[in-house]
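See structure below.
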Amino acid sequence: MTRKRSILFALMLAAVAFVATAQTVTITYWQYYYESKVKLMDELIKNFEKANPGIKVEQVTFPYESYNQKVAASIPAGEGPDIINLFYGWLPTYVKAGYLEELPASEFSKDYFNKNFYPFVAESVQFGSKYYSVPTAVRSLALFWNKQLFKDAGLDPNTPPKTLEELQAYAKKLSKYDAKGNLIQAGLAMQPTGQGHSWIREVLFRQFGNVPYSADGRKVTYADANGAAALKWYTDLITKDKVGYPNFATDDVTAFKSGKAAMNIDGSFRIATLNAVKDLEWGVAELPTYKGIKSNYASFWTHGIVAGTTGKKLDASIKFLKYITSPEVQQMWLEKVGELPATPALSEKYKNDPVISPFLKGLAYAHATAYVDEAGQRQILVDAVDEVYLKNVDPAVALKNAAKKEQTLIDDFWNN
Amino acid sequence: MKLSTKRSVTAYLFLALPLVFFLCVRLGPMLYMLAMSFTNWGLLRRTVKFIGFKNYEVLFTDPVFLQSLSNTARYAVFGAPIVILLSLGIALLLDSIPKGKGIYRLIYVLPYITPVVAVSWVWRWMYQPPPLGIIDGVLGALGLPAGEFLNSPTQALPSILAVNVWVEMGYCTIIFLAGLQTIPKEISEAAKIDGASDRQVLRRVTLPLLMPITFFLMVMEGIQFLRIFTQVYNMSMQATGGPLNSTKSAALYIYQKAFTNFEMARAASASAVLFVIIMVVTILQIRFFDKRVNY
Amino acid sequence: MKAHQRTRRWARALPAYIVLSLLAVIMLFPFVWMISSSLKDVTQIYQLKLFPERPTLDNYRYILFSTSTKFPHWFLNSLIVAVSTTVSVLFFDSLVGYTLAKFRFPGKKIIFLLIISTLMIPTEMLVIPWYAMIRAMKWVNTYWAIMFPGMISAFGVFLMRQFMSTIPDDLIDAARVDGLGELRIFLTVVLPLVAPALATLAIFNFIGNWNAFLWPLIAASKPAMFTLPVGLANFSGEAGSDWHYIMTGAAVAMAPLILVFLIFQKQIVKGIAMTGLKG
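Protein chains in written order, with the numbering used here: chain A, 48 to 463; chain B, 65 to 359; chain C, 15 to 293.
Here it is in structure tokens:
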């Protein structure tokens, strides 16, 4: 080439390179560290980047305990990500603190949510009638049971209890004690710090005829006679029937994994953990009913767009959001993480899967508590159970105390 | 330049960086904390404004804070004297044996050297209720009832206290032993020649001579127990100072307020209160011992 | 001493030996139980046997070599932080101690009291402004953030000042007469004279720094930046149920310090005694 032409060529190359890099948008995605989720997200990012040259996605993760601290420290300082993964219960706090921006209504309308997601999702991703996040997957609760321990106790390993009465009877049969009367095998793991508090809050209260919160979530209504009866039924299992107690064998998961608890109420997120345990024969069933009433607690982790994301980054973020909540990804999520698709229609083909279907059935009648401070509200019910079991407080009194504390907490949030 | 001035300049030069360090890292932040305790500073709030004594009002009407103060008091009031009495006794025993002091000393100080976090988790493992925990296993084998330890609102604090005593004992024993070994043998021998019994020698000679050390250790251990954090964090369920806030120390309360609730100003007021308590307790101890130390 | 006198002495000491030995067992047992548990796999961990039926090193392999844990990383972080702060403390604490002990200048007493008074300020009070500081300076998740509060220690200043005051003035004056600069005098004449104190300070600073928990817990939110104690707490909290791993993790976290302890035992015991006697 002549000198002039080679210079021109070089300039053209430079121009192309410049334009190409100028058009590469990099967005950051944050989630808490959960091995299967992180690994899958790496894969998804690769797929997305291939399909969208010009967009690069960077995933950053933090341990669960310090996640909110990191968020609180970084986002106000302008050092947050573009897309953030959060527990649905944190949404009110995040929105109030100004961490999230409203999802563009053109892409994420009311119809879009009502058509594609479970009702409890559509309700919980809103704040002040605006939509702030969209999830990939959801979780619900079910009854896990240890088939070998059932056999050992003379129970049919393929027939789990279906009602609360049966649950109580089975739990008593499955509990074992040593010569001194210490519990060495729990018929039913009783762990409010795990899923126990959710079982009480959204399932037991309702099954005993109570509605735990007002429709707008701002009033605590579980401290009536029915609620007290529900709490008493739960704590009686600990104090009278002695089928289990909080922190037995460290916690419910340890107990169930090591065959020290015959049954446990736990979430779909536990499936992967249990699959990894050798020599554990277990089954899953829908939560027991009571007086014909079914209820369940659903929860989910959801993705939002961080406030201040605009222009090209916003466009890229929307594209990425749409991709990670798409049907194909929801499917992958179920297979690799074990969380259920947030879009009801996708669960059709798992209708008969023995492990997945109890959770799916539960989603149909599930409620997601409108938390304003999940950790704080969890602790309040944990303490209520502790007061009954450790300090012999009457369940009705403990429940009244809890309701008062929780009401103060909720009022503080809305009034400040 | 005069020689003395030149020396002074050198001195200031040497001290410049360290002084800046202490001002920026210790004194400055403390004053900052005191100031911020009068605001509504929180990581979830977008603005900061002055609110006077409101934080302190809320603090002293918060039953959880009051509980944490009560717990902290119990840690200190029981912990420090127990450690000191036990260590003193052990040091006296060690002093009396002809051989083997060195080995025992090494064994006793081992818990003090190792990371408290590691030690806390080992004890937490040992404290597990049946069928997991070894302590209840041993109690059961001896025909005794199982202890609830960390799961009981009445046993949890003493259980954690015991661990801290176990950790601090080696440190105090070594210091007491060193003190005992500096007491000239002639004094106790002279007393014995005068007809004093062993017990009288202990009371009238040894213990008074150990007063400066006892004083030093009371102050050190008192402060140590008042600030207890790591064991409580690592030995309570989900690090919340339970069950039912029965183990929550003031330091853990401060940490939770700041790093779980993000209420920095409230945490600041709580830490100001803790600081005042430490100061007051230390000054009271100094005054109490001042008369007795100078014999 | 005559034979029968010697026997009597041992006989009289017997009760003491019994008590002391029982106590030694209580002091050591947790460590023994920890090691025993670390050698048990998940099927044996709940058996209350002192000696595992089938001891295994698998837990150690997992803790040290698997990619899902970060123990070697945390060990490195702890090492970097502990060594850096110790070097800094050795230099600055002795420099300040020397200046306070051997120089005359206006304001000396006030400065000394100021420094000592910082000993009264509990760390719990300072972590919040420190946290605000590292956020503002963008130091979060850096080694500097974890290290900076420990770079100079008031306790070390106090200790070094006590030791420096025992150095004869003549030595320093002689060096000055020889024309050596002040800093050189400090480095080449003074420091070697307090070598034992420096050694003690180094060991204690290293240990204290290694075991620090509260501030490193706050300063590092990324697992890669944890120091060993923080990593262990995090790991144990997440593993929740995996006691065989937690005990192995605890053993691994303790091992470096036990090594330091065994090598420097005389120094450590002497050092503790010294702080007590001079304090």
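The beta carbon of each residue, even a glycine, is placed where N, CA and C say it ideally should be.
Predicted, not measured: the structure shown is a model, and the values here were computed from it.
(1) Identify the contact partners of C:Ala-149 in chain A, using a Cβ-Cβ distance below 7 Å as the criterion.
(2) So, with DSSP's three-state summary, where would you put C:Tyr-60?
(3) Roughly how many angstroms lie between the CA atoms of C:Leu-78 and B:Leu-244, to the nearest whole one?
(4) Measure the beta-carbon distance from C:Gly-164 to C:Thr-214 and round it to whole angstroms, keeping in mind my assumption that it falls under 8 Å.
(5) Just to confirm the assignment: which complete alpha helix (DSSP H) runs, minimum length 4, are found wholly within the stretch 157-208 of chain A?
(6) Under 8 Å by Cβ, that's how I've got A:Thr-390 and A:Phe-155 pegged, so tell me the actual separation to the nearest angstrom.
(7) Which residues in the same chain as C:Thr-241 place their Cβ atom closer than 7 Å to its Cβ, once the five residues preceding and following it in sequence are excluded?
(8) Give me, in chain order, the residues of the same chain whose beta-carbon lies closer than 8 Å to that of A:Val-324; leave out the 5 immediate sequence neighbours on both sides.
(9) For a contact defined as C-beta to C-beta under 9 Å, what are the partners of B:Pro-195 on chain A?
(10) What residue range is occupied by the uninterrupted beta strand (DSSP E) comprising A:Thr-75?
(11) Thinking just about the alpha-carbon of each residue, which of A:Ala-184, A:Asp-203 and A:Asp-288 is nearest to the one in A:Asn-193?
(12) Would you please verify whether the beta carbon of B:Arg-169 is less than 9 Å from any beta carbon of chain C?
(13) Nearest by alpha-carbon distance to A:Arg-248: which of A:Gln-426, A:Ala-296, A:Asn-463 and A:Leu-55 is it?
(14) Please compile the residues from chain A whose C-beta is within a distance smaller than 9 Å of the C-beta of B:Gly-204.
(15) CB-CB under 6 Å to A:Leu-214, same chain, minus the five flanking residues each way: which ones, in chain order?
(16) What first and last residue would you give for the alpha helix (DSSP H) that runs through B:Ser-132?
(17) When burial is assigned at 16 or more other CB atoms within 10 Å of the CB, is C:Ser-250 buried or exposed?
(18) List the DSSP bridge partners of A:Gln-106.
(19) Closer than 7 Å by C-beta to A:Val-107: which residues in its own chain qualify, once you throw out the five before and the five after it? Chain order, please.
(20) Given a cut-off of 9 Å on the beta-carbon distance, is the pair B:Arg-138 and B:Leu-225 in contact?
(21) Do the stretch 173-191 of chain B and the stretch 261-281 of chain B meet, that is, are 3 or more Cβ pairs less than 8 Å apart?
(22) Span of the beta strand (DSSP E) holding A:Ser-346?
(23) Quick one: which residues of the stretch 87-121 of chain A get their C-beta closer than 7 Å to a C-beta of chain C? List them in chain order.
(24) Closer than 7 Å, Cβ to Cβ, to anything on chain C: give me those residues from the stretch 92-115 of chain B, in chain order.
(25) Per DSSP, A:Pro-442 is paired with what?
(26) Mapping DSSP to helix, strand and coil, what is B:Asp-354?
(27) Going by C-alpha to C-alpha distance, which of A:Lys-227, A:Leu-428 and A:Ser-261 sits closest to A:Thr-282?
(28) Indicate whether at least one CB of chain B lies closer than 9 Å to the CB of C:Gly-290.
(29) When Cβ atoms are compared, which residues of the stretch 103-116 of chain C fall closer than 9 Å to chain A?
(30) In chain order, what residues of the same chain lie with their CB nearer than 6 Å to the CB of C:Met-268, ignoring the 5 residues before and after it?
(31) When you compare only the Cα positions, how much space is there between C:Pro-136 and C:Ala-115?
(32) According to DSSP, which residues form a beta bridge with A:Met-310?
(33) Could you check the C-alpha separation between C:Met-178 and B:Leu-83 for me, to the nearest Å?
(34) Nearest chain B C-beta to A:Tyr-159 closer than 9 Å, yes or no?
(35) Going straight from the alpha carbon of A:Val-440 to that of B:Leu-130, what length do you get?
(36) Under 9 Å, Cβ to Cβ, is there at least one residue of chain A near B:Gln-192?
In brief:
(1) In the sequence under discussion, the amino acid at residue 149 of chain C is Arg, which differs from the Ala named in the question. Those within 7 Å of C:Arg-149 in chain A are Ala-120 and Ala-124.
(2) Note: C:Tyr-60 maps to coil in three-state DSSP.
(3) Rounded to the nearest whole angstrom, the CA to CA distance from C:Leu-78 to B:Leu-244 is 44 Å.
(4) 17 Å between Cβ atoms; not a contact.
(5) You should have 157-163, 166-171 and 194-199.
(6) For A:Thr-390 against A:Phe-155, the beta-carbon gap comes to about 14 Å, at or over 8 Å, which does not count as contact.
(7) Apart from sequence neighbours up to five positions away, the residues of its chain that approach C:Thr-241 with a beta-carbon distance below 7 Å are Trp-88, Asn-91, Ser-92, Val-95, Ile-160 and Pro-230, ordered along the chain.
(8) Result list for A:Val-324: Lys-304, in chain order.
(9) Those within 9 Å of B:Pro-195 in chain A are Asp-225, Asn-229, Leu-230, Ile-231, Gln-232, Ala-296 and Lys-307.
(10) Segment 72-79, the beta strand (DSSP E) holding A:Thr-75.
(11) The residue among A:Ala-184, A:Asp-203 and A:Asp-288 with its C-alpha nearest the C-alpha of A:Asn-193 is A:Asp-203.
(12) So yes, B:Arg-169 belongs to the interface.
(13) Scanning A:Gln-426, A:Ala-296, A:Asn-463 and A:Leu-55 for the CA closest to the CA of A:Arg-248 turns up A:Gln-426.
(14) Result: Asp-225, Ala-226, Lys-227 and Asn-229.
(15) Here the set comprises Pro-208 and Pro-335.
(16) Unbroken alpha helix (DSSP H) run through B:Ser-132: 127-160.
(17) Buried.
(18) Under DSSP, the beta-bridge partners assigned to A:Gln-106 are A:Tyr-76.
(19) Around A:Val-107: Thr-75, Trp-77 and Pro-128.
(20) Note that the C-beta distance between B:Arg-138 and B:Leu-225 is below 9 Å.
(21) In the pairwise beta carbon analysis, the stretch 173-191 of chain B is classified as not touching the stretch 261-281 of chain B: fewer than three pairs are separated by under 8 Å.
(22) According to the DSSP assignment, A:Ser-346 belongs to the beta strand (DSSP E) that extends over 346-353.
(23) Residues Phe-109, Pro-110, Glu-112, Ser-113, Gln-116, Lys-117 and Ala-120.
(24) From the stretch 92-115 of chain B, only Pro-93, Met-94, Tyr-96 and Met-97 have a Cβ closer than 7 Å to chain C.
(25) In DSSP, A:Pro-442 forms no bridge with anything.
(26) Helix at B:Asp-354.
(27) The residue with the shortest Cα to Cα distance from A:Thr-282 is A:Leu-428.
(28) Closer than 9 Å to some Cβ of chain B, the Cβ of C:Gly-290 qualifies, so yes.
(29) Residues passing the 9 Å Cβ filter: none.
(30) Apart from sequence neighbours up to five positions away, no residue of its chain approaches C:Met-268 with a beta-carbon distance below 6 Å.
(31) Computed Cα separation, rounded: 26 Å.
(32) A:Met-310 pairs with A:Trp-192.
(33) Across the structure, C:Met-178 and B:Leu-83 are spaced so that their CA atoms are roughly 19 Å apart.
(34) Using beta-carbon distances, A:Tyr-159 does not count as an interface residue toward chain B, since no partner is under 9 Å.
(35) When rounded, the separation of the alpha-carbon atoms in A:Val-440 and B:Leu-130 is 21 Å.
(36) Yes - at least one Cβ of chain A is within 9 Å of the one on B:Gln-192.
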